[in-house]
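In my numbering, the protein residues as written are -4 to 422.
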C-alpha cells in the first residue's frame, strides 16, 4: 500500500473517533497547538530557513519566497489564528432545519463533519496550521500534502500540532502529512483515494488546481486562481480610486486577492489614467495596456509622457486572463459598467472583483452582475480573506458554486444529516 493511502486509512480511523469528540476537547487541542507552535518557534524558523536556502538556490521568485518565509511575527500570527479558531462558534450539531410531521415524527437537519479532508498545496507553510485548525474545529481528520519547497517547515508545524492532539486526549492520526517524490506518485495516490478521503481541496497555482480537478477521483472543492479586477467607473472619486488600486495591486503582490487588471471608463480615462499609471509605475508596476490606453498616453503634452510610455507594454489576449502574482497589471478602457461586467465575467476567475464609484445605481448593477465569490463596491479586493471576514482562518477561497463559495472557514467543512425521532411510526 502506498504511503498516501496508508495515511489516508489512518486518518479515516481517527475521523470516526474525532467525530464523537466533545467541543471542549477539540477547543483544548486547538489552544494546545497554538501554545506549542509559540514554544517551538525557534525550531520551526530554523526548519523554514533551510527551506528558504534551497528555494533561493533553485531560483524561486521573490513573491513565492515571501509566501514561504516564516519569521517570529508570522509564527505568532499562525498561533493567534489557531486561538481564534478555538473561539469560533462550534459548527457541529447546528440545527439547519426541523419540523414535526403529521404523524408525530420529529425530523431535524443537523451539521456533521465531512470525514477526511485532504489538502494539496504549494509552498505556504501557514496553510498547514490553518488546514489542521479548521479541520479539527469541524471534527474532520486531515491528510496534508504541502509543496516540496516547504517540506521542513510543514513537518515542523505538523509535529507541534500532533503533539497537541495527544496532549488534549485526541488521536494524533487525525493529522497526517504525506511526502512526495519528483514524479508526484503520492499525489496521484491521494487523488485516487476514494473510500478513504471524503473531499480534496487544492490550494495553489493554476497548474496545481487544474491537475487536481482533472485527475481526482475524489470530490474536489476548487480554490481558484485570482485574476481580480478594479473597475473605475465614471462617477468615481479619483483619490479613493487611486488608493484602492494601489492597495489592491501592490500591498502584497503574490496573493490570490491582489488586483491583476484595471478597467477604466472611457469618459474619465484621459483625466484618471495618467495619474493612475504614474502611481503604478512609481511602484515599479509594469502596465500591459490596450491600444486605447497607449494612444491616450501618446497624445499627452505632459513632460512625463515619455516616462509613462517607457513603463507600458502592449497587452495580448492572454494578458486579460492572466494572474501575474508580480509587479504587473493589465489596463483596459471600457465604455461603461455593462462592458466592465462583460469583460470581468469573460476573463475573470470568479474570485474577487471591485468597482469604485459614487453612483449607487452603478455599484448595485456591478454587485449583481459580476459572477464572482466576492464583489466589492468602493473597497480593495485584498479584504477577501477568512480571517478578515471573521472566520478565524480559511482553508481556501472557493471559486466554484458547490459545495462552498468564497473564503471557507470551519462551517464550510461540514455537511448535514437528518435525525428522525419517532415513537413507533411505520409507513
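Glycine residues also receive a C-beta, built at the ideal position from the N, C-alpha and C atoms.
In whole angstroms, what separates the C-alpha of residue i from that of residue j?
i           : j           : result
residue 250 : residue 99  : 53 Å
residue 378 : residue 253 : 9 Å
residue 325 : residue 10  : 46 Å
residue 123 : residue 400 : 21 Å
residue 268 : residue 49  : 42 Å
residue 334 : residue 228 : 11 Å
residue 396 : residue 410 : 15 Å
residue 291 : residue 119 : 41 Å
residue 47  : residue 38  : 14 Å
residue 189 : residue -4  : 14 Å
residue 385 : residue 295 : 46 Å
residue 154 : residue 16  : 21 Å
residue 187 : residue 406 : 25 Å
residue 300 : residue 132 : 56 Å
residue 271 : residue 241 : 9 Å
residue 341 : residue 312 : 12 Å
On the premise that residue j lies in contact with residue i, defined as a C-beta separation below 8 Å, what is that separation, rounded to the nearest angstrom?
i           : j           : result
residue 194 : residue 213 : 7 Å
residue 137 : residue 230 : Not quite, the Cβ-Cβ distance comes to about 47 Å (not below 8 Å), so this is no contact.
residue 117 : residue 134 : About 27 Å separates the two Cβ atoms, so there is no contact after all.
residue 276 : residue 244 : With a Cβ gap of about 12 Å, residue 276 and residue 244 do not count as contacting.
residue 191 : residue 4   : 6 Å
Would you say residue i and residue j are within 8 Å of each other, going by their C-beta atoms?
i           : j           : result
residue 71  : residue 91  : no
residue 28  : residue 207 : no
residue 20  : residue 159 : no
residue 223 : residue 376 : yes
residue 417 : residue 79  : no
residue 139 : residue 408 : no
residue 204 : residue 58  : no
residue 349 : residue 239 : yes
residue 69  : residue 121 : yes
residue 102 : residue 88  : no
residue -1  : residue 181 : yes
residue 330 : residue 265 : no
residue 419 : residue 404 : no
residue 152 : residue 32  : yes
residue 303 : residue 273 : yes
residue 372 : residue 361 : yes
residue 60  : residue 413 : no
Please name the residue in the options whose C-alpha comes closest to that of residue i.
i           : options               : result
residue 168 : 411, 387, 340 and 2   : 2
residue 256 : 231, 221 and 235      : 221
residue 185 : 337, 111, 135 and 312 : 111
residue 64  : 43, 422, 55 and 53    : 43
residue 259 : 219, 313, -1 and 328  : 328
residue 210 : 231, 179 and 268      : 179
residue 235 : 94, 87 and 351        : 351
residue 146 : 40, 34 and 14         : 40
residue 114 : 218, 76 and 96        : 218
residue 225 : 18, 370 and 76        : 370
residue 338 : 55, 323, 314 and 104  : 314
residue 30  : 14, 62 and 76         : 76
Say yes only if the C-beta of residue i is nearer than 7 Å to one or more non-hydrogen atoms of the ligand ZN, and no if none qualify.
i           : result
residue 390 : Looking at this structure, you won't find the ligand ZN or any other ligand, since it has none at all.
Do the region 127 to 135 and the region 198 to 214 meet, that is, are 3 or more Cβ pairs less than 8 Å apart?
no
Take every Cβ of the region 272 to 285, pair it with every Cβ of the region 295 to 315, and state whether three or more of those distances are shorter than 8 Å.
yes
Are there three or more Cβ pairs, one per stretch, closer than 8 Å when the region 331 to 346 is compared with the region 360 to 372?
yes
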